[in-house]
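Chemist:
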Amino acid sequence: MTSMAAPAPAPRDQVAADVYTELSQALDSVQAAGTFAAFAKIKEAIIKPFFVQDVGPVDFPLQESTARQLIEKARQAPYGKGSETFVDTSVRNTWELDASQLDHMVPQWTPTVDSACKWAAKQLGITVPITAQLYKMLIYEEGAMFKAHTDTEKVPGMFGTLVICLPSEHQGGDLVLKHRDVTKIFKTSEAQPSMACWYSDVSHEVLPVTSGRRWVLTYNLAISHPLHSRPCAALNAPRHDKVRRALAAWLGLRSREGDGAHSGYLYYLLDHTYTEANISLNALKGADRSRMQCLNDVCSDHNATLLLGVLEKEEFGGCAEVYDGPHGGRGGGGRRGYLGDNGEDDDDIEDEDSEWHPFVDVFETDVSIKKLVNPEGRTLRTGLKIDTAELEGNLIQDYADPFETADHGERDYSGFTGNEGVSARHWYRVTIAVIVANDAVDEFLTKAITRTDAQGLLPKYLLRCSDPKNRASVMKTVQYLAQRAWSSASSTSAAENYVYIPESEFSMEVVLQFLETVLLCQQYELFSKALGWFRTRVGTPLFALVKTAAAEELFDFTKVKDSLLQNLSICSLAARPALLSSLVSLNGDNRSLYIRDWAANEAVPAAIDDCLRLQKVTEADGSALATMVEEYHDLDYLSTKLIPAIEKRAALTPFALAAFLKCVSFADRGADQMPVHTAVLELCKPLLESVINSMDVGTLRSKNGAAQTAATTKAQRYSYYQEYRYSRSEPQALEFLISPSLLAECVSRCIQLGWNESSMLLCRRIVDRAGLIPVPEFRHLWIPFIHRLMSTLEENRVPLSTPRYQEVACAILELYLDVAVGKEPSGEVNYSQRPVNPNCYCTDCPAMDRFLASNQREWQFPAAERRRRHIQTVLESRGAGCSFNTLRYSSPHTLVVTKNIDSGARAKREWTDKFTQAWDDITKFDQEKLKVLLGAHYERITSMRHLRFPGTGTAAQAQQTIAERPRQAGGTAAQPIVIRDSPFAGMKRRAVD
Numbered sequence: 001m002t003s004m005a006a007p008a009p010a011p012r013d014q015v016a017a018d019v020y021t022e023l024s025q026a027l028d029s030v031q032a033a034g035t036f037a038a039f040a041k042i043k044e045a046i047i048k049p050f051f052v053q054d055v056g057p058v059d060f061p062l063q064e065s066t067a068r069q070l071i072e073k074a075r076q077a078p079y080g081k082g083s084e085t086f087v088d089t090s091v092r093n094t095w096e097l098d099a100s101q102l103d104h105m106v107p108q109w110t111p112t113v114d115s116a117c118k119w120a121a122k123q124l125g126i127t128v129p130i131t132a133q134l135y136k137m138l139i140y141e142e143g144a145m146f147k148a149h150t151d152t153e154k155v156p157g158m159f160g161t162l163v164i165c166l167p168s169e170h171q172g173g174d175l176v177l178k179h180r181d182v183t184k185i186f187k188t189s190e191a192q193p194s195m196a197c198w199y200s201d202v203s204h205e206v207l208p209v210t211s212g213r214r215w216v217l218t219y220n221l222a223i224s225h226p227l228h229s230r231p232c233a234a235l236n237a238p239r240h241d242k243v244r245r246a247l248a249a250w251l252g253l254r255s256r257e258g259d260g261a262h263s264g265y266l267y268y269l270l271d272h273t274y275t276e277a278n279i280s281l282n283a284l285k286g287a288d289r290s291r292m293q294c295l296n297d298v299c300s301d302h303n304a305t306l307l308l309g310v311l312e313k314e315e316f317g318g319c320a321e322v323y324d325g326p327h328g329g330r331g332g333g334g335r336r337g338y339l340g341d342n343g344e345d346d347d348d349i350e351d352e353d354s355e356w357h358p359f360v361d362v363f364e365t366d367v368s369i370k371k372l373v374n375p376e377g378r379t380l381r382t383g384l385k386i387d388t389a390e391l392e393g394n395l396i397q398d399y400a401d402p403f404e405t406a407d408h409g410e411r412d413y414s415g416f417t418g419n420e421g422v423s424a425r426h427w428y429r430v431t432i433a434v435i436v437a438n439d440a441v442d443e444f445l446t447k448a449i450t451r452t453d454a455q456g457l458l459p460k461y462l463l464r465c466s467d468p469k470n471r472a473s474v475m476k477t478v479q480y481l482a483q484r485a486w487s488s489a490s491s492t493s494a495a496e497n498y499v500y501i502p503e504s505e506f507s508m509e510v511v512l513q514f515l516e517t518v519l520l521c522q523q524y525e526l527f528s529k530a531l532g533w534f535r536t537r538v539g540t541p542l543f544a545l546v547k548t549a550a551a552e553e554l555f556d557f558t559k560v561k562d563s564l565l566q567n568l569s570i571c572s573l574a575a576r577p578a579l580l581s582s583l584v585s586l587n588g589d590n591r592s593l594y595i596r597d598w599a600a601n602e603a604v605p606a607a608i609d610d611c612l613r614l615q616k617v618t619e620a621d622g623s624a625l626a627t628m629v630e631e632y633h634d635l636d637y638l639s640t641k642l643i644p645a646i647e648k649r650a651a652l653t654p655f656a657l658a659a660f661l662k663c664v665s666f667a668d669r670g671a672d673q674m675p676v677h678t679a680v681l682e683l684c685k686p687l688l689e690s691v692i693n694s695m696d697v698g699t700l701r702s703k704n705g706a707a708q709t710a711a712t713t714k715a716q717r718y719s720y721y722q723e724y725r726y727s728r729s730e731p732q733a734l735e736f737l738i739s740p741s742l743l744a745e746c747v748s749r750c751i752q753l754g755w756n757e758s759s760m761l762l763c764r765r766i767v768d769r770a771g772l773i774p775v776p777e778f779r780h781l782w783i784p785f786i787h788r789l790m791s792t793l794e795e796n797r798v799p800l801s802t803p804r805y806q807e808v809a810c811a812i813l814e815l816y817l818d819v820a821v822g823k824e825p826s827g828e829v830n831y832s833q834r835p836v837n838p839n840c841y842c843t844d845c846p847a848m849d850r851f852l853a854s855n856q857r858e859w860q861f862p863a864a865e866r867r868r869r870h871i872q873t874v875l876e877s878r879g880a881g882c883s884f885n886t887l888r889y890s891s892p893h894t895l896v897v898t899k900n901i902d903s904g905a906r907a908k909r910e911w912t913d914k915f916t917q918a919w920d921d922i923t924k925f926d927q928e929k930l931k932v933l934l935g936a937h938y939e940r941i942t943s944m945r946h947l948r949f950p951g952t953g954t955a956a957q958a959q960q961t962i963a964e965r966p967r968q969a970g971g972t973a974a975q976p977i978v979i980r981d982s983p984f985a986g987m988k989r990r991a992v993d
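For the sequence shown, UniProt numbering assigns the number 993 to the last residue and increments by one with no breaks.
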């Protein structure tokens, strides 16, 4: 934000000051043919009687009985304040009838209204057709008035108001209109009937009626066609010449003394204030219209451009601390300004007593062009920040304060709170013209631009780059806009400039258009910077773009290859094959052979270096690395570069196994050349054995298993057991994530290649280290592996009874039951718990822990209140599941702690859930095939009798296994057996697949 202590603008030299004064005076000399408000008496002959709904015919002058009938059908007129509408007779004391109640008067009044429209257009200096839409009938009784306000747009194209004062005897009720320094007073009591018109932004009020009734019809004035040109007679040649000479003098001054010596843009304050929704050359009024039309014509003949803008100053400051009520000074905060759509009655009230709180101190000041448009009204910028010193230095009019007579309002009034000071935000709005030298338009439009606006402007400038004449100057603006759009700073280091941009603010279409233009314009340094900004977000479209441009030889590839390699280096190894394939032509196109050589000689070696450098490389990375070597290199590279690199990372089993399998596919490619095929296999077999010897079964994780472990650890961290409470969740080790199919495929390759020793080594490694398998991985990794192993053996016609595979399946399933399910607990009542072990050295906590560890349910603890409260607090904070009661019949009082958790019953329920899950997992196997695979262990594993607590179930029931149940047609198991006196009594089992 601009500080109030901003430095004063540098003093203008006398020559520049004279030029500014000359241009300001030349524009001021252009005047509109009309005025901001007008008043006239109407001939009584043209005022026709009319008919009012539910009242009947109304004649003139207004009679007492008729007035009472009209008021009976009317309602109290509201007034608008900000975005709300109020009825307050202290602000507006008026009766109103809607236009819908006056429909019957329209036909006979059409000639009268048409005449009034022509008169209003002439008086206001408008030379194009206008229309008048009936809005309200208003009746002001004695004492009625309407405080100062301005009208806002109620219909499209509205620019002003027309009032016809009907014959009715009254005194007072004068209409007072003010615009800038001019005040007009229209005495409707002395001229009946009469009419008045004024522009919408003219402040006006109706003074109190002292006697009688003031009776008027109000109309909304609007331009018939919003695009209709409205030339003024004031635009004559002599005034054009003054403006032309003054503008030429300013442009000449910049040309003689250099662009840097003088600003490339000037500001001129307009007479009227216009809203953001209604600012364009056609929407201007009176002298503003005449001056800007003249200035636009002159700018078109010279090297200058006219722009229009809504300029706002916002101040944040402290107000006097006035306490008038329970919510602070004058009713409290949340104030809003005066301009806006107020619904039923869009009049804005200048109620300074209730809406304006003067500052005693200003903390911050912001000046910005809220909306900047071209003469046709097309938006060019929003929220363009303007330095206060810059505004003062470039304003050609000699105003001490350009916002002194501006429309203003207040918002965010804090009111009196008793803690912080009273504060508010004041805003002031004016409309300005910006005169910009053509060579400074880009500089002005892009200054202090936001990220979103910069991306919006870029396509326009990128198109201009296609013209070689403009390229040098335009590319400077393109670079500035690109940095504003995608970079965090103007640092020379692209890596330091990276900033994450949300998808909603990141236009891929603009990014690709920018990169293509920069590449075709051979701006290689900017291209390199841009890749640092975008990092991995552009990806395949970027490389495809480079490929297309390279095929047409539109740029020098050697100038960008290092930038592309750097961009590849920040991508994962898994993503690089797709990126390279989108860049390299695979159809033997001679024009892109040098790109293929770059991929082979630079991109692939860099990937191997990254494989050794990166701490974590994954299963997908291993497959991708071998794929790139296979695509761009030969056997020699495989043996001298890739395989040694894989061996160095052999401890990362998923990466190494995936790379190994891709290397074997290298041999398949040379199957028709036996020496090549044999040579590759001779390299791959030792590699596989090296990987197997380095494999740690306990570290391997599946994606779902790792997620379950992390979730379980997080839950334990919040339990009351100290050893979990202060532990941290295990990070998901991406380098150890492996798919069951990868392990099964390794077995399949060993079988197909006849590597019995390797397959035996793999099976022995799994069996020996199976005891290290984490519990979640049995279900998510190793049981799915057994399913795939059975399919692999069948596909390769290997008997399921092969001992090495039987050992693997038995070891995994036995450990799954013993470790993941475990022995059935007795189910006896048990109230023992793990000790809380608080980090406390008092003498009471050890006694509390002994109580928790025992099977005792109740503990009586006589002690002083402080000690009792301490014990209760510790147990409650650890979630020990106890209830508390205090016995007060003795001294000291006794705290009674009662355990509510039966550990035995809870353990029984948890075991039942695990047993059910294991039963379901085993029944998913084809039992005939599983029986062959498990051999002599089948009955023990499938019955799970050894897990049961001694004495549950009968001997006959325990002897029946899954495979021994009666079979139904189609080979599925019939109704599952029920083990009586077990946790599964009455439960149905899943049928065998």
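Every residue gets a Cβ at the ideal spot worked out from N, C-alpha and C, and that includes glycine.
For clarity, every value in this text was computed on a predicted model and none was experimentally measured.
1) If you follow the beta strand (DSSP E) that Trp95 is in, where does it begin and where does it stop?
2) Smallest Cα separation from Val664: which of Leu687, Leu652 and Gly377?
3) Is the region 172-187 touching the region 96-116, taking contact as three or more C-beta pairs under 8 Å?
4) Taking DSSP as the reference, what is the three-state secondary structure of Met158?
5) Give the DSSP-derived three-state secondary structure of Ser890 in the structure shown.
6) What does the Cβ neighbour count give for Ala400, buried or exposed, with the cut at 16 atoms within 10 Å?
7) Any idea what DSSP makes of Val128, helix, strand or coil?
8) Count the other CB atoms, across all protein chains shown, that sit within 10 Å of the CB of Phe363; report buried if there are 16 or more and exposed otherwise.
9) On a CA-only basis, which of Phe851, Ala820 and Leu895 is nearest Phe915? Give me that one, please.
10) DSSP three-state call for His408: helix, strand or coil?
11) Which residue's Cα is closest to the Cα of Arg75: Ala549, Leu772 and Met137?
12) Tell me which residues share the same chain as Leu565 and place their Cβ nearer than 7 Å to its Cβ, disregarding the 5 neighbours each side in the sequence.
13) Taking only the alpha-carbon atoms, compute the straight-line gap between Leu295 and Ala530 and give it to the nearest angstrom.
14) Report the option in Pro799, Leu793 and Trp782 whose CA atom is closest to the CA atom of Ala811.
15) Determine which residues share a DSSP beta bridge with Pro188 and list them.
16) With H, G and I counted as helix, E and B as strand and the rest as coil, what does DSSP make of Tyr721?
17) In whole angstroms, give me the CA-to-CA distance for Asp636 and Leu642.
18) Taking Ala744 as the reference, which of Val775, Phe736 and Glu794 has the closest Cα?
19) Please give the ranges of any alpha helix (DSSP H) in the region 615-688, keeping only runs that are unbroken, at least 4 residues long and fully inside the region.
20) In this structure, how does DSSP classify Val560 when only helix, strand and coil are distinguished?
21) Closest by CA to Lys447, which one among Thr431, Gln483, Ala472 and Gln31?
22) Give the straight-line distance between the Cα atoms of Ala853 and Pro774, rounded to the nearest whole angstrom.
23) Within its chain, find whatever has a CB closer than 7 Å to the CB of Trp859; leave out the 5 residues flanking it on each side and keep chain order.
24) Within the chosen definition, does the region 262-279 reach the region 427-439 through at least 3 CB pairs nearer than 8 Å?
25) Give a yes or no on whether the C-beta atoms belonging to Pro835 and Asp844 are separated by under 8 Å.
26) What does the Cβ neighbour count give for Ser83, buried or exposed, with the cut at 16 atoms within 10 Å?
27) Less than 6 Å between C-beta atoms, sequence neighbours within five positions excluded: which residues of the same chain meet that for Glu141?
28) Does the distance from the C-beta atom of Gly698 to that of Leu772 stay below 8 Å?
29) Thinking C-alpha only, which one of Arg613, Lys147, Asp696 and Asn756 is nearest Ile738?
30) Which residue wins for smallest C-alpha separation from Ile139, given the options Gln69, Arg857, Val747 and Phe50?
31) Quick check: the region 914-928 against the region 941-950, are there 3 or more CB pairs under 8 Å?
32) Under the three-state reduction of DSSP, which class applies to Pro835: helix, strand or coil?
33) Would you report the Cα separation of Gly935 and Arg765, rounded to the nearest angstrom?
34) According to DSSP, what are the bridge partners of Val367?
35) Let me make sure I understand the geometry here. Which of Lys122, Lys385 and Trp533 has the alpha-carbon closest to that of Gly286?
36) Pick out whichever of Val30, Glu169, His870 and Ala99 has its Cα sitting closest to the Cα of Leu62.
Modeler: Judging by the given coordinates:
1) Translated into the one-based positions of the sequence shown, residue 95 becomes position 95. Looking at the DSSP string, the run of the beta strand (DSSP E) that includes Trp95 is Trp95 to Asp98.
2) Here residue 664 corresponds to residue number 664 of the sequence shown, with the count starting at 1. Ranking Leu687, Leu652 and Gly377 by Cα distance to Val664 puts Leu687 first.
3) Verdict: no, contact absent.
4) Counted from its first residue, the sequence shown places residue 158 at position 158. Of the three classes helix, strand and coil, the one that applies to Met158 here is strand, per DSSP.
5) As a first step, residue 890 must be located in the sequence shown, where it is residue number 890. Here Ser890 sits in coil by DSSP.
6) Here residue 400 is taken as the residue at index 400 of the sequence shown, counted from 1. So Ala400 counts as exposed.
7) If you number the sequence shown from 1, residue 128 lands on position 128. Three-state result, Val128: coil.
8) Here residue 363 refers to the residue found at position 363 of the sequence shown. So Phe363 ends up on the exposed side.
9) One-based indexing of the sequence shown puts residue 915 at position 915. Phe915 has its Cα closest to that of Ala820, out of Phe851, Ala820 and Leu895.
10) Working through the sequence shown from its first residue, we reach residue 408 at position 408. Judged by DSSP in its simplified three-state form, His408 adopts strand.
11) Numbered from its first residue, the sequence shown carries residue 75 at position 75. With distances taken between CA atoms, Arg75 lies nearest to Met137 out of Ala549, Leu772 and Met137.
12) The sequence position of residue 565 within the sequence shown is 565, counting from 1. Cβ neighbours of Leu565 beyond the five flanking positions: Glu602, Ala603 and Ala606.
13) Counting from one through the sequence shown, the residue named residue 295 turns up at place 295. Counting from one through the sequence shown, the residue named residue 530 turns up at place 530. Near 41 Å, if we compare the C-alpha coordinates of Ala530 and Leu295.
14) One-based indexing of the sequence shown puts residue 811 at position 811. Considering only Pro799, Leu793 and Trp782, the residue with the shortest C-alpha distance to Ala811 is Trp782.
15) Counted from its first residue, the sequence shown places residue 188 at position 188. In the sequence under discussion, the amino acid at residue 188 is Thr, which differs from the Pro named in the question. By DSSP's assignment, Thr188 forms no beta bridge with any residue.
16) As a working mapping, residue 721 is identified with position 721 in the sequence shown. Below a pLDDT of 50, predicted positions are generally treated as unreliable, and Tyr721, at 37, falls in that range; no measurement from the model is reported.
17) Position 636 of the sequence shown, counted from the start, is the residue given in the question as residue 636. Position 642 of the sequence shown, counted from the start, is the residue given in the question as residue 642. C-alpha separation (whole angstroms): 10 Å.
18) Start at 1 with the first residue of the sequence shown, and residue 744 comes out as number 744. Distance check between Ala744 and each of Val775, Phe736 and Glu794 places Glu794 closest, using alpha-carbon atoms only.
19) DSSP runs (the alpha helix (DSSP H)) wholly in the region 615-688: 619-632, 643-648 and 653-669.
20) Reading the sequence shown from its first residue, position 560 is the one you call residue 560. The answer is coil: DSSP assigns Val560 none of H, G, I, E or B.
21) Along the sequence shown, read from residue 1 onward, the residue named residue 447 stands at position 447. Residue Gln483 is the option with its Cα nearest to Lys447.
22) On the sequence shown, residue 853 is found 853 positions in, with the first residue counted as 1. On the sequence shown, residue 774 is found 774 positions in, with the first residue counted as 1. Going from the Cα of Ala853 to the Cα of Pro774 covers about 28 Å.
23) To locate residue 859, count along the sequence shown from 1; it is residue 859. Around Trp859: Phe851 and Val897.
24) Yes, the region 262-279 is in contact with the region 427-439.
25) Against the sequence shown, residue 835 aligns to sequence position 835. Against the sequence shown, residue 844 aligns to sequence position 844. Remark: C-beta atoms of Pro835 and Asp844 do not approach each other more closely than 8 Å.
26) Taking the first residue of the sequence shown as position 1, residue 83 is located at position 83. Bear in mind that a pLDDT of 40 at Ser83, under 50, signals an unreliable position, so the number given afterwards is only what the model happens to contain. The residue in question, Ser83, is exposed, as its Cβ has fewer than 16 Cβ neighbours within 10 Å.
27) Here residue 141 is taken as the residue at index 141 of the sequence shown, counted from 1. Arg213, listed in sequence order.
28) Here residue 698 refers to the residue found at position 698 when the sequence shown is read from its first residue. Here residue 772 refers to the residue found at position 772 when the sequence shown is read from its first residue. Yes, they are a contact pair.
29) Counting from 1 along the sequence shown, the entry for residue 738 is found at position 738. Answer by Cα proximity: Asp696.
30) The count along the sequence shown starts at 1 and reaches residue 139 at position 139. It is Gln69.
31) At 8 Å Cβ cutoff, the stretches touch.
32) Here residue 835 is taken as the residue at index 835 of the sequence shown, counted from 1. The answer is coil: DSSP assigns Pro835 none of H, G, I, E or B.
33) Counting from 1 along the sequence shown, the entry for residue 935 is found at position 935. Counting from 1 along the sequence shown, the entry for residue 765 is found at position 765. Rounded to the nearest angstrom, the two C-alpha atoms are 21 Å apart.
34) Counting from one through the sequence shown, the residue named residue 367 turns up at place 367. Answer by DSSP bridge pairing, in chain order: Lys313.
35) Translated into the one-based positions of the sequence shown, residue 286 becomes position 286. Considering only alpha carbons, the answer is Lys122.
36) Your numbering for residue 62 matches position 62 in the sequence shown. Considering only Val30, Glu169, His870 and Ala99, the residue with the shortest C-alpha distance to Leu62 is Glu169.
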